[in-house]
Amino acid sequence: MYKTIEFKARNELDNALAETVSHILAKAIKDTGKASIAVSGGSTPKGFFNLLSQSDIDWSKVTITLADERWVPIDSEASNTRLVYENLLQNKANTAKFFHLKQGDELTDETLADLNVAARKTLLPLDVLILGMGEDGHTASLFPCSAEINVALDETNDAVLLKVQPKTAPHQRISFTYASLITSKNIFLHSCGEAKKTVLTKALLGDDPFEMPIRAFLQHPSLNTQIFWAP
Numbered sequence: 001m002y003k004t005i006e007f008k009a010r011n012e013l014d015n016a017l018a019e020t021v022s023h024i025l026a027k028a029i030k031d032t033g034k035a036s037i038a039v040s041g042g043s044t045p046k047g048f049f050n051l052l053s054q055s056d057i058d059w060s061k062v063t064i065t066l067a068d069e070r071w072v073p074i075d076s077e078a079s080n081t082r083l084v085y086e087n088l089l090q091n092k093a094n095t096a097k098f099f100h101l102k103q104g105d106e107l108t109d110e111t112l113a114d115l116n117v118a119a120r121k122t123l124l125p126l127d128v129l130i131l132g133m134g135e136d137g138h139t140a141s142l143f144p145c146s147a148e149i150n151v152a153l154d155e156t157n158d159a160v161l162l163k164v165q166p167k168t169a170p171h172q173r174i175s176f177t178y179a180s181l182i183t184s185k186n187i188f189l190h191s192c193g194e195a196k197k198t199v200l201t202k203a204l205l206g207d208d209p210f211e212m213p214i215r216a217f218l219q220h221p222s223l224n225t226q227i228f229w230a231p
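By UniProt numbering, the letter at position 115 of the sequence shown is numbered 115, and the numbering carries on one by one without gaps.
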C-alpha cells in the first residue's frame, strides 16, 4: 500500500519530511531510549538532510545508516557515506552514531557476515527508512538487472545485507535486503522531478517487482509506504 503526498516545491517537501522524521525519531527515543534511520544517496536528499540535521532531538541516541552503499573509498564522489557526513552528520546531528556499511577495502564473505550480525543487533527494526528510486525502478541497490535480484527481493531471506553487482550501473554495492527493509516501522519514498514522477506512474501501473523493485514496497498489502514528491 502507499500514500502519495505532493508538494508545490522541493523546499516544502524537505521541510515537511524533516519535521515528520524528527517527530518519529524523538518518539522512538522517548519510548525505547534509542532510534535508527536508514537514508539513501543521490542529490535529492541534500536539502532534507540539512534541515533534519538542525532538528532539536537527542541525536546522541540516534544511529544513522544507509539503505545501500557503493564499495568505493569514503572520499570518493560516488560515496553515499561521504554525502551523509557532509550533509546530515552536521549541526545538531553531529553527535549521532553512524553505522558504516562500507568497512575495509574488499567486500569479502567474512566482512559481509560480520556486518550482517552487527546490523541485526544495532539497527533492526529501523524506525525510519528513506528510500530513493532510480530511472529503472531500483531502490536501495535492489537492481532489476542484477544477478542477485531474486534473493534480494525474497521476503523469506533471513540475511540483513547482501552484495550486489548491477549490470547497468558502476561499482559493487552492499545493500539491505528487501526482507530486512520491510521490517521498518516507517517507510518513505523521497522523489523529485517530472522524470521520476513518470517512473513512479509506471511502477504503480504494473505489478512485477522484478521489473521495477520499488513496486515491492508500493504494492505490498501490509506496508504503508509514504511517497513524498515535488517537481
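Using N, Cα and C, we set each Cβ at its ideal position, and we do this for glycine too.
Q. Taking buried to mean at least 16 other C-beta atoms within 10 Å of its own C-beta, is Met133 buried or exposed?
A. Within the sequence shown, numbered from 1, the residue matching residue 133 stands at position 133. Buried, since its Cβ has 16 or more Cβ neighbours within 10 Å.
Q. Leu153 and Pro221: beta carbons closer than 9 Å?
A. As a first step, residue 153 must be located in the sequence shown, where it is residue number 153. As a first step, residue 221 must be located in the sequence shown, where it is residue number 221. In this structure, Pro221 does not lie closer than 9 Å to Leu153 by Cβ.
Q) Hey, how far is the Cα of Leu51 from the Cα of Asn15? A) Locating residue 51 in the sequence shown gives position 51, where the first residue counts as 1. Locating residue 15 in the sequence shown gives position 15, where the first residue counts as 1. Spanning the two alpha carbons is a distance of roughly 7 Å.
Q. What are the start and end residues of the alpha helix (DSSP H) that includes His190?
A. As a first step, residue 190 is located in the sequence shown; it is residue number 190 there, counting from the start. Careful: His190 lies outside any alpha helix (DSSP H), inside the beta strand (DSSP E) at 187-192.
Q: Could you please give the first and the last residue of the uninterrupted beta strand (DSSP E) stretch that includes Glu6?
A: Mapped onto the sequence shown, residue 6 falls at position 6. Counting along the chain, the beta strand (DSSP E) containing Glu6 begins and ends at 2-6.
Q: Sort Lys61, Glu12, Asp68, Thr108 by Cα distance to Thr95 and report the nearest one.
A: Start at 1 with the first residue of the sequence shown, and residue 95 comes out as number 95. If we check each option's Cα against that of Thr95, Lys61 comes out closest.
Q | Within the stretch 157-213, ranges of the alpha helix (DSSP H) (whole runs, at least 4 residues) | A | 178-181, 194-205
Q) Do you know how far the Cα of Thr65 is from the Cα of Arg10? A) Taking the sequence shown and counting its residues from 1, the one referred to as residue 10 is at position 10. Taking the sequence shown and counting its residues from 1, the one referred to as residue 65 is at position 65. Looking at the two C-alpha atoms, the distance is approximately 23 Å.
**Q.** Start and end residues, beta strand (DSSP E) containing Leu129
**A.** Mapped onto the sequence shown, residue 129 falls at position 129. Leu129 -> beta strand (DSSP E) spans 128-131.
Q) Which word fits Thr225, buried or exposed, when buried means at least 16 other C-beta atoms lie within 10 angstroms of its C-beta? A) Along the sequence shown, read from residue 1 onward, the residue named residue 225 stands at position 225. That one is buried.
Q: Could you tell me how far apart the beta carbons of Leu142 and Ser180 are, in whole angstroms, since I believe they sit closer than 8 Å?
A: The residue you call residue 142 lines up with position 142 of the sequence shown. The residue you call residue 180 lines up with position 180 of the sequence shown. Not a contact, Cβ separation roughly 11 Å.
**Q.** Outcome for Thr43 when other beta-carbon atoms lying within 10 angstroms are tallied against a minimum of 16
**A.** For the purposes of this step, residue 43 is taken as residue 43 along the sequence shown, with counting starting at 1. Residue identity differs from the one stated: residue 43 is Ser in this sequence, not Thr. Answer is exposed; the Cβ neighbour count stays below 16.
**Q.** Distance CB(Ile130)-CB(Lys102) smaller than 9 Å
**A.** Numbered from 1 along the sequence shown, position 130 holds the residue referred to as residue 130. Numbered from 1 along the sequence shown, position 102 holds the residue referred to as residue 102. The answer is no: Cβ separation not under 9 Å.
Q) Taking DSSP as the reference, what is the three-state secondary structure of Thr89? A) For the purposes of this step, residue 89 is taken as the residue at position 89 of the sequence shown. With the sequence shown as reference, residue 89 is identified as Leu, and Thr is not the correct amino acid for it. Looking at Leu89 - three-state DSSP - the assignment turns out to be coil, as it is neither helix nor strand.
Q. CA-CA distance, Leu223 and Tyr178?
A. Against the sequence shown, residue 223 aligns to sequence position 223. Against the sequence shown, residue 178 aligns to sequence position 178. Their backbone Cα atoms lie some 12 Å apart in a straight line.
Q) Which residues mark the beginning and the end of the beta strand (DSSP E) in which Glu69 is found? A) Here the question's residue 69 lines up with position 69 in the sequence shown. That run of the beta strand (DSSP E) goes 68-70.
Q | Nearest candidate by alpha-carbon position, reference Gly33, set Ala119, Asp58, Ser40 | A | The sequence position of residue 33 within the sequence shown is 33, counting from 1. Comparing Cα positions, the closest option is Asp58.
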